[in-house]
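In what follows, a single structure is set out as structure tokens and then discussed.
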Amino acid sequence: MTTHVPGDALVSLNGVNKHYGQLHVLKDINLQVKKGEVVVVIGPSGSGKSTLCRAINRLETIEGGTISIDGKVLPEEGKELARLRADVGMVFQSFNLFAHKTILENVTLGLIKVRGTPKAQAEKEAMALLERVGVGAQARKLPAQLSGGQQQRVAIARALAMKPKVMLFDDPTSALDPEMINEVLDVMVQLAKEGMTMVVVTHEMGFARKAADRVVFMADGQIVEDAKPEEFFTNPQSNRAKDFLSKLLTH
Amino acid sequence: MNTLLNNSDLFVTGFRNTLILFFFSAIFALILGTIVASLRVSPVPAMRAAATSYVNIVRNTPLTLVLFFFALGYPKLGLVPIDFTTAAIIGLSLYTATYVAEAVRSGINTVPVGQAEAARAIGLPFTQTLTLVILPQAFRAVIPPMFSVFIALLKNTTVAAGFSVFEAGAIRANLSERGEPALTGLLWVALVFIILVFMLSVLQRKLEQKWKVTR
Numbered sequence: 001m002t003t004h005v006p007g008d009a010l011v012s013l014n015g016v017n018k019h020y021g022q023l024h025v026l027k028d029i030n031l032q033v034k035k036g037e038v039v040v041v042i043g044p045s046g047s048g049k050s051t052l053c054r055a056i057n058r059l060e061t062i063e064g065g066t067i068s069i070d071g072k073v074l075p076e077e078g079k080e081l082a083r084l085r086a087d088v089g090m091v092f093q094s095f096n097l098f099a100h101k102t103i104l105e106n107v108t109l110g111l112i113k114v115r116g117t118p119k120a121q122a123e124k125e126a127m128a129l130l131e132r133v134g135v136g137a138q139a140r141k142l143p144a145q146l147s148g149g150q151q152q153r154v155a156i157a158r159a160l161a162m163k164p165k166v167m168l169f170d171d172p173t174s175a176l177d178p179e180m181i182n183e184v185l186d187v188m189v190q191l192a193k194e195g196m197t198m199v200v201v202t203h204e205m206g207f208a209r210k211a212a213d214r215v216v217f218m219a220d221g222q223i224v225e226d227a228k229p230e231e232f233f234t235n236p237q238s239n240r241a242k243d244f245l246s247k248l249l250t251h
Numbered sequence: 252m253n254t255l256l257n258n259s260d261l262f263v264t265g266f267r268n269t270l271i272l273f274f275f276s277a278i279f280a281l282i283l284g285t286i287v288a289s290l291r292v293s294p295v296p297a298m299r300a301a302a303t304s305y306v307n308i309v310r311n312t313p314l315t316l317v318l319f320f321f322a323l324g325y326p327k328l329g330l331v332p333i334d335f336t337t338a339a340i341i342g343l344s345l346y347t348a349t350y351v352a353e354a355v356r357s358g359i360n361t362v363p364v365g366q367a368e369a370a371r372a373i374g375l376p377f378t379q380t381l382t383l384v385i386l387p388q389a390f391r392a393v394i395p396p397m398f399s400v401f402i403a404l405l406k407n408t409t410v411a412a413g414f415s416v417f418e419a420g421a422i423r424a425n426l427s428e429r430g431e432p433a434l435t436g437l438l439w440v441a442l443v444f445i446i447l448v449f450m451l452s453v454l455q456r457k458l459e460q461k462w463k464v465t466r
């Protein structure tokens with residue numbers, strides 16, 4: 001199952017294609033993410049960036065090409081895939097905390113059931129993570145009792161609990177009220193500083209400037225530009241990117 | 252009142268057997284129905300097809316015929332012999348499980364797809380995603396229809412009276428033999444059923460309050 005991956009890429013997409021019926025959402029995507037790298041994916045809505053992010057842990061299946069993580073090609077459904085997913089943290093747009101479980105249980109579930117960590121140890125680790133993202137005091141509450149920003153920080157803690165090799169963020173702030181966006185971005189910036197490998201789909205250009213090593217610009221299912229943030233924001237090469245950025249900057 | 256007091260032996264035995272039929276059938280139907288509902292949402296097409304055919308075939312068959320089969324047809328197959336009570340429990344369980352399965356399935360459909368995605372994203376395989384994340388939320392969403400199914404089961408146990416199982420539905424016939432007025436007997440049986448169903452409704456309300464899922 002293992003194939004050679006060029007360079008030391010932790011996440012590697014080669015010639016990835018996907019259709020939704022007639023719509024070609026991912027067109028021949030090639031993307032390598034090195035260990036410790038923070039790649040921010042931006043682009044107009046419908047450009048396929050969210051699909052790309054979800055394909056990396058096979059929440060979306062692909063029709064052509066390969067995706068590999070740490071040298072292993074993503075397996076088909078089954079135990080193998082589940083094991084690989086445990087090493088890939090995912091943060092969703094709509095948080096998706098388990099509604100019937102407390103905040104603490106949300107974070108310990110994977111540790112106990114997937115990693116086989118003893119309950120006491122799992123709770124200790126989970127509490128430390130919840131403190132780190134600033135929601136330690138909410139540990140015994142249910143998700144619905146927390147604000148959106150708090151829920152999203154719990155979701156980050158839940159993903160971190162698995163000690164993932166890479167973290168995927170699928171537009172993590174777009175469902176949040178403006179005053180809560182920063183508390184989530186702060187946690188993400190901190191993670192980036194600590195050397196976490198991250199793929200972040202977002203509309204937050206501030207985050208891209210501050211924390212990204214590379215900005216990937218997508219339009220119509222293709223990667224149009226792939227550059228350092230400084231380069232991309234000051235000197236975009238393509239008309240699509242220029243157009244996209246000009247629309248952002250007018251407000 | 253005399254009808255009840257003078258024949259308390261009939262009432263006690265009858266309703267005891269009704270409750271036995273009900274409890275065992277309810278437990279088996281709950282287990283089997285949950286498994287069938289899980290199969291209907293499984294990623295394996297063959298499992299989905301098997302579960303769907305089971306629901307469609309058994310649910311579309313009148314209960315009387317299902318019980319007829321187990322009471323009269325099954326012994327002729329020359330398999331392990333079973334008594335009428337066991338036969339009635341099997342028939343009632345298989346029949347009720349189809350309704351349980353549909354209630355559970357509708358519950359599964361109320362759980363947002365993001366819940367399953369989050370479970371898969373932390374590395375839970377299909378079975379654990381279902382048992383740890385989806386089903387607990389699905390059950391909470393379907394307590395009212397689930398209890399309707401069990402109330403129907405409680406009353407359906409009387410059909411077994413037609414197949415030599417002495418339960419509440421057979422009380423009236425025995426009362427008639429003892430020369431008691433048939434209508435009075437029927438009314439008493441009905442009253443006890445109303446009380447039993449009322450108890451189920453109280454339990455339903457308790458569970459609804461306890462297991463509220465806030466989103």
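These protein sequence lines are chains L and F, in that order.
According to this note's numbering, the stretch in the first sequence is residues 1 to 251, in order.
According to this note's numbering, the stretch in the second sequence is residues 252 to 466, in order.
By construction, the Cβ of each residue, glycine as well, lies at the ideal position given by its N, Cα and C atoms.
Just so you know, these numbers come straight off a predicted model, no measurement behind them.
Exposed unless 16 or more other CB atoms sit within 10 angstroms - verdict on residue i
i	result
residue 395 of chain F	exposed
residue 142 of chain L	buried
residue 3 of chain L	The predicted model places residue 3 of chain L with a pLDDT of 44, which falls under 50 and marks its position as unreliable, so this point remains unresolved.
residue 308 of chain F	exposed
residue 177 of chain L	exposed
residue 342 of chain F	buried
residue 50 of chain L	buried
residue 171 of chain L	buried
residue 356 of chain F	buried
residue 316 of chain F	exposed
heavy atom of the ligand FAD below 7 angstroms from residue i C-beta
i	result
residue 341 of chain F	Of ligands this structure carries none, so the ligand FAD is not represented either.
Proximity test, Cβ basis, 8 angstroms: residue i and chain F
i	result
residue 77 of chain L	yes
residue 187 of chain L	no
residue 94 of chain L	yes
residue 24 of chain L	no
residue 14 of chain L	no
residue 114 of chain L	yes
residue 98 of chain L	yes
residue 82 of chain L	yes
residue 205 of chain L	no
residue 90 of chain L	yes
residue 148 of chain L	no
residue 162 of chain L	yes
C-beta atoms of residue i and residue j nearer than 8 angstroms
i	j	result
residue 386 of chain F	residue 375 of chain F	no
residue 244 of chain L	residue 200 of chain L	no
residue 207 of chain L	residue 188 of chain L	yes
residue 92 of chain L	residue 369 of chain F	yes
residue 63 of chain L	residue 17 of chain L	yes
residue 410 of chain F	residue 318 of chain F	yes
residue 186 of chain L	residue 38 of chain L	no
residue 404 of chain F	residue 280 of chain F	yes
residue 8 of chain L	residue 27 of chain L	no
residue 83 of chain L	residue 57 of chain L	no
residue 159 of chain L	residue 89 of chain L	yes
CB contact check: residue i to chain L, cutoff 8 angstroms
i	result
residue 384 of chain F	yes
residue 458 of chain F	no
residue 358 of chain F	no
residue 373 of chain F	yes
residue 365 of chain F	yes
residue 353 of chain F	no
residue 392 of chain F	no
residue 294 of chain F	yes
residue 476 of chain F	Outside the shown range of chain F, which is 252 to 466, sits residue 476 of chain F, and nothing can be said about it.
residue 455 of chain F	no
residue 297 of chain F	no
residue 288 of chain F	no
residue 368 of chain F	yes
Contacting residues, own chain, Cβ-Cβ under 8 angstroms from residue i (five flanking each side not counted)
i	result
residue 275 of chain F	340, 344
residue 462 of chain F	390, 391, 394
residue 104 of chain L	123, 126, 127, 130, 139, 140
residue 225 of chain F	For residue 225 of chain F there is no data in the structure shown, the boundaries of chain F being 252 and 466.
residue 451 of chain F	398, 401, 402, 405
Cβ neighbours of residue i in the same chain (closer than 7 angstroms, five flanking residues each side left out)
i	result
residue 219 of chain L	43, 44, 47, 240
residue 269 of chain F	408, 418, 419
residue 150 of chain L	135, 138
residue 215 of chain L	40, 42, 208, 227, 229, 232
residue 354 of chain F	393, 396, 397, 400
residue 77 of chain L	none
residue 277 of chain F	401, 404
Close beta carbons around residue i, own chain, < 6 angstroms, minus the five adjacent residues each side
i	result
residue 24 of chain L	221
residue 247 of chain L	none
Proximal residues of chain C, C-beta to C-beta of residue i below 7 angstroms
i	result
residue 376 of chain F	No chain C appears in the structure shown, which is made up of the protein chains L and F.
Start-end ranges of the alpha helix (DSSP H) lying completely within the stretch 8-91 of chain L, minimum 4 residues: 49-55, 79-86
Those runs of the alpha helix (DSSP H) which lie wholly inside the stretch 195-237 of chain L and span at least 4 residues: 205-211, 229-234
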